[in-house]
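Structure, as structure tokens:
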């Protein structure tokens, strides 16, 4: 393995950042979803609507948080008192006076006039520390409640949202799934909601608390000494603006980083999925080079972000330091000049102002993070809101019909349909399937056979014309109602993680084990499935991955069969089954299609020669129709297809 | 045979991994630090410098305040020499500039702060460099391994699992190594530095400042232990919830077809409820954890202030010293909270590293002998000699298979599902090595030739088509990225793909895959065939690759293949008799044995599987002529 010990070839500073410029990598720009969204009242209102059911709780917790911050904000004052006990000629502080008042109230008055100075100081220190401890204890108890309840309300909102997204996805029609990438749909209910969690849980709290903290700290500084306060508070806006600039630049750098990272991970994921092809075509070394190039770009992007971060963070620190310097210098001047005066500026006050300055600066930096969080959450919120606002294409009419029993007549009356209405794939198709008839659809790939099956399933509604079941327009029928009478086996044999048994029972969860077995033996594939390592209890793996294509298709067959549908749809259902098994199924089909209307799409024309009616489709239109014999006699398209099929 | 010992060897290595204690695993993880050790040392050094400068700055502030207090209250006696220690130093440095004591200290503080800012900049760069280089090296190694492990490994692990290991498991390990290196240095630096500072002011205070540390550590440990199982079940439930969600999305056509939306909603709801309960359980613990940790810190802090206050009254300490206690406790506490993060990350990294090492230590399915010769030139003569193979050696899928195929002929492999047809072909491409027997191409044992030359000579079109999210042209020229456009077009024409590609929105530059145009199964298969044709192998294998293609197109492809394959050998796995009929030789595979061999005509003459399936398929046609279906579809 010649590359394993290859030296690291990262010279990130020499590489350009923006353009991967990697030969052989996908030559297109992957489309990324926006990470940030500017403040937008509409989106915010939407978020507030999600939170509204718990607004009282949120409000209460914001107030409790406010109380907590208020209590903690006294800390510098305690420190001030403590330090100032050290000043010559110190007086009893207010807590100490309370203690003495209390002592005289319970009948043990203390005469302080005879006390030496340390006694006064001791009492001052003890009372200060005691009250300080009480304050902090209360603050911590409140904090515990705030953490618990705020998270509780926030998580409630998030979980309600998760459920809403899932319900909405179940409600939406196939057209949504056709035009939306799987990964995107996945992100809506997982990553997007996770990214919002910090904002939804702590958003209000962070906003209220930091704002209050900043204002209170500024007020305290002004109250302690307005001259020093005015001398430094102007740095607040400067810091704020620097912070915003920094966010903007780092935001851009981070976006580049994420894009580069997406390229790395997409490349990795795709090559692992296609590992068999990679191996078969010997592309290992080229791929490693491409991968390492992408990685090098990723490294360069990260270094760029680190540089911005490395410049701005210390800069913020320096601005904050400038404030400290001003406080100390000004404080020193006042302290030394005013020493001896009665209302002097004491050392404790200097320390208190110094600490309040830190308290004032903290929220400014926090606001930067909060701003970031908010932008990110809003981008996610907007996407989730778009999903939730999506209208299902196939919706029920005002008073939908519910069919109790169906004979199984299906009529297409001048149906025209296109996934994109501008490009119809089915043009003016009309036919009638009498109850119990077998109708086959034949034609080249992409001629619209599968689309007709999807239309019968009511996955889509036609743009023109009508489709009726037993004379009732399917538009009039209640949403899930027709599916009670429909059974479909498609080319795309999807199984859910679980056992074979669970998958067969999917459409009829109440069916007993015995019923499943009977269905399987009626289909003639009981033996084949029971010969699996764990029989019917065998795990099918993620999407049926543990089974062969043929076995998967047998299970899909059994699943549709157990559902006992009135209308059976077989869309290329037997293409992956070997001839023997197909024979078994063909024979079972004889029993299966009895008294059911059946639609078959097949490439293997041998499957369909016995149909009542064969519809030959071409470019979305029905070219020929009739029985096998009639169509052969006609000598048209079908006869040609058939000739190609039987002769090599 | 050495190939028999291989699985045992593999298991031995993986078993060793299983036996490893957590500590040994961390030792194993250190190998990832080795290639970046200089950067790591640099990062730690810068951390040390930053910690030193920060603490020095705090000490300067302390001395400034002490000096101020000294100057402001001259009647107070100073009994501590520490208070004026740096005052003197500052004075000496700046005496020549004519500045006063406080002024010179302030200048010194400013210089320190600027130095700190510069150090922090360098530190941020070194840190990122360290983490990026480490991840670069690890990912590149994992990627290389994955590419060379071969099919065996990919059979055992699902794609999602492997991607997860190579991305998030790797990330977890890297994050832990980074954190434990740099953050540990930082934490140790802060704890020792601040304690030295406090101890230098007053040794007794230094001792008192150490008091809360054991409480913190014990509580963090206790909390971590209690949290871990809940955290794990929380992650599991989260995974299950996502899996229900993703299956409901991926299988939406099934959900819709059977109208089981409400069932899915209920399934999901049950999991989200469970996850909510577990989340609140952890929140309950956090809600207790944060105030408790802060409570311990506050108690210790207040104790220090109390003692400090009394000492100050006696002139042992000064205002600045008390101020430093507050700063020191706050700084140490915020770093110690990171221990919790490190221990969390440690737990994740242990789990992740076991999984990641399973990749790093996995034995490749097929070992390439170093310096093995290339496959000799030839036209694709193939011989199997007593080949026995099973994915698990105790369950052979192919048993004692021997046959010879002359160069330039077309061979059809037929047989029921699970008979071993695909396995047979994968052995030929050397995706696996047989346990017994040998496979020869043009007179060379493929196990003794270089793997790359075998893969170059054998082209495979897989049953399940995989195309990359790239342009049509890039997909077709996958084997030869530099192939000119004419060759690409020619290959596409032979595969009957040129026509539909031309109709795609951007022709050969159309991007395929999830992000691009989606093709039908038959169209994808045709592109895969074109890709194999362009690779220009001497042996071409079509593994049921014509199944999704309609009969008309299929017969066109077959005739163009025949044209192409004058000098090549073609293997076709197929169910359709029409495909099989034209083969020079038909192999019937049943239960891992070759039960019949011969031409179509020969096999029709003897009784067996082939005649059975031929009858089934042909009967349909014969009966149709008399208008009586072979399979009665109606009573």
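Chains as they are written, first to last, in the working numbering: chain A, 19 to 666; chain B, 7 to 641. Virtual Cβ for every residue (Gly too), placed ideally from N, Cα, C.
**OP:** May I ask you to list the residues that DSSP assigns as paired with residue 615(A)?
**Re:** Paired residues: 585(A).
Original post:
Taking the C-alpha atoms as reference points, what is the distance between residue 91(A) and residue 133(B)?
Top reply: The alpha-carbon atoms of residue 91(A) and residue 133(B) are separated by roughly 35 Å.
Original post:
Where residue 658(A) and residue 533(B) are concerned, what is the direct C-alpha to C-alpha distance, given to the nearest angstrom?
Top reply: Rounded to the nearest angstrom, the gap between the Cα atoms of residue 658(A) and residue 533(B) is 25 Å.
Original post:
Closer than 9 Å, Cβ to any Cβ of chain A: which residues of the stretch 262-288 of chain B, in chain order?
Top reply: Across the stretch 262-288 of chain B, CB contacts with chain A closer than 9 Å involve 262, 263, 264, 265, 266, 267, 268, 269, 270, 271, 274, 275, 278, 279, 281, 282, 285 and 286, in sequence order along the chain.
**OP:** Report yes or no: do three or more beta-carbon pairs, one from the stretch 319-330 of chain B and one from the stretch 350-365 of chain B, lie closer than 8 Å?
**Re:** Contact between the stretch 319-330 of chain B and the stretch 350-365 of chain B is absent, because fewer than three Cβ pairs lie under 8 Å.
Original post:
Any Cβ of chain B within less than 7 Å of the Cβ of residue 485(A)?
Top reply: Not one chain B Cβ lies under 7 Å of residue 485(A).
**OP:** Count the other CB atoms, across all protein chains shown, that sit within 10 Å of the CB of residue 213(B); report buried if there are 16 or more and exposed otherwise.
**Re:** Counting Cβ neighbours within 10 Å, residue 213(B) comes out exposed, since fewer than 16 surround it.
Original post:
With distances taken from CA atoms, which of 346(A), 248(A) and 316(A) is nearest residue 110(B)?
Top reply: Comparing Cα-Cα distances from residue 110(B) to each of 346(A), 248(A) and 316(A), the minimum goes to 346(A).
Original post:
Who are the neighbours of residue 433(A) on chain B, taking C-beta pairs under 8 Å?
Top reply: By Cβ distance, chain B contributes nothing, its closest Cβ being about 19 Å from residue 433(A), past 8 Å.
Original post:
In the stretch 310-391 of chain B, which residue ranges form an unbroken alpha helix (DSSP H) of at least 4 residues, counting only runs that do not cross its ends?
Top reply: Listed in chain order, the complete alpha helix (DSSP H) runs (minimum 4 residues) inside the stretch 310-391 of chain B are 325-366.
Original post:
How would you label residue 68(A), buried or exposed, when you count the other beta carbons within 10 angstroms and need 16 or more for buried?
Top reply: With 16 or more neighbouring CB atoms inside 10 Å of its own CB, residue 68(A) falls in the buried class.
Original post:
What does residue 213(A) reach in chain B if we use C-beta pairs closer than 8 Å?
Top reply: Here the premise fails: no neighbours, minimum Cβ distance about 15 Å.
Original post:
Which value, in whole angstroms, describes the spacing of the CA atoms of residue 267(B) and residue 608(A)?
Top reply: The straight-line gap from Cα to Cα measures roughly 31 Å.
Original post:
With distances taken from CA atoms, which of 463(B), 385(B), 526(B) and 378(B) is nearest residue 455(B)?
Top reply: Residue 378(B) is the option with its Cα nearest to residue 455(B).
Subject >> Nearest to residue 203(A) (by Cα), restricted to the options 270(A), 117(A), 405(A) and 606(A) >> reply: Comparing Cα positions, the closest option is 405(A).
Original post:
Under a three-way DSSP split, which group does residue 87(B) fall into?
Top reply: Because residue 87(B) carries a pLDDT of 46, less than 50, the predicted location of this residue cannot be relied on, and no value is offered for it.
Subject >> Between the CA atoms of residue 65(B) and residue 92(B) - distance to the nearest angstrom >> reply: In this prediction, residue 92(B) scores a pLDDT of 45, lower than 50, which makes its location untrustworthy; the coordinate-derived value is nonetheless stated afterwards. About 9 Å.
Original post:
Given that residue 310(A) touches chain B, what residues does it touch there, using C-beta distances under 7 Å?
Top reply: Result: 146.
**OP:** Go to residue 519(A), then tell me how far its alpha helix (DSSP H) extends in each direction, as first and last residue.
**Re:** It spans 518-522 - the alpha helix (DSSP H) in which residue 519(A) sits, taken as one unbroken run.
Original post:
Of all the options 440(B), 293(B), 259(B) and 499(B), which has the alpha carbon lying nearest to the alpha carbon of residue 510(A)?
Top reply: Of the listed residues, the one whose Cα sits closest to residue 510(A) is 259(B).
Subject >> Cβ neighbours of residue 128(B) in the same chain (closer than 8 Å, five flanking residues each side left out) >> reply: So the qualifying residues of the chain are 52.
Original post:
Of all the CB atoms in chain A, is at least one closer than 7 Å to the CB of residue 101(B)?
Top reply: Reliability of the predicted coordinates at residue 101(B) is poor, the pLDDT of 49 falling under 50, and the value obtained from them is presented with this limitation in mind. Not one beta carbon of chain A lies nearer than 7 Å to the beta carbon of residue 101(B).
Original post:
Residue ranges of each alpha helix (DSSP H) run of no fewer than 4 residues wholly in the stretch 143-218 of chain A, ordered along the chain?
Top reply: Segments of the alpha helix (DSSP H) lying fully in the stretch 143-218 of chain A: 192-197 and 200-207.
**OP:** Give, in chain order, every unbroken run of the alpha helix (DSSP H) that is at least 4 residues long and sits entirely within the stretch 444-495 of chain B.
**Re:** Here the runs fully enclosed are 457-463 and 478-482.
**OP:** Can you have a look at residue 96(B) and say buried or exposed, based on whether 16 or more other CB atoms are within 10 angstroms of its CB?
**Re:** The pLDDT assigned to residue 96(B) is 46, lower than 50, so where the model puts this residue is not dependable; a value taken from the coordinates is nonetheless given after this. Under a 10 Å Cβ-count criterion, residue 96(B) is classified as buried, with 16 or more other Cβ atoms of the shown protein chains found around its own Cβ.
**OP:** Let me know the secondary structure DSSP gives residue 317(A) once reduced to three states.
**Re:** In this structure, residue 317(A) counts as helix in the three-state DSSP scheme.
Subject >> Span separating the alpha-carbon of residue 101(B) from that of residue 120(B) >> reply: Caution applies to residue 101(B), whose pLDDT of 49 falls short of 50 and renders its modelled position unreliable; the model cannot decide the point.
Subject >> Backbone secondary structure at residue 518(B) - three-state DSSP >> reply: Looking at residue 518(B) - three-state DSSP - the assignment turns out to be strand.
Original post:
Excluding sequence positions up to five away, which residues of its chain have a Cβ less than 6 Å from the Cβ of residue 630(A)?
Top reply: So the qualifying residues of the chain are 455 and 456.
Subject >> Members of the stretch 86-106 of chain A near chain D, C-beta cut-off 8 Å >> reply: Included in the structure are the protein chains A and B, with no chain D among them.
**OP:** Give the residues of chain A in contact with residue 177(B), contact being defined as C-beta atoms less than 8 Å apart.
**Re:** In chain order: nothing, as chain A lies at least about 10 Å away.
**OP:** Could you tell me which chain B residues have their CB closer than 8 Å to the CB of residue 335(A), listed as they occur along the chain?
**Re:** Annotation: Cβ neighbours of residue 335(A) in chain B (cutoff 8 Å, chain order): 119, 122, 123 and 126.
Original post:
How about residue 282(A) and residue 316(A): are their beta carbons less than 7 Å apart?
Top reply: For the 7 Å CB-CB criterion, residue 282(A) and residue 316(A) form a contact.
Original post:
If you pair each beta-carbon of the stretch 582-590 of chain B with each one of the stretch 394-401 of chain B, do three or more pairs fall below 8 Å?
Top reply: With the cut-off at 8 Å, the stretch 582-590 of chain B and the stretch 394-401 of chain B do not touch.
Original post:
At which residues does the beta strand (DSSP E) containing residue 405(B) begin and terminate?
Top reply: Boundaries of the beta strand (DSSP E) around residue 405(B): 404-411.
Original post:
How many Å lie between residue 122(A) and residue 333(A) at the Cα?
Top reply: Their Cα atoms are separated by approximately 56 Å.
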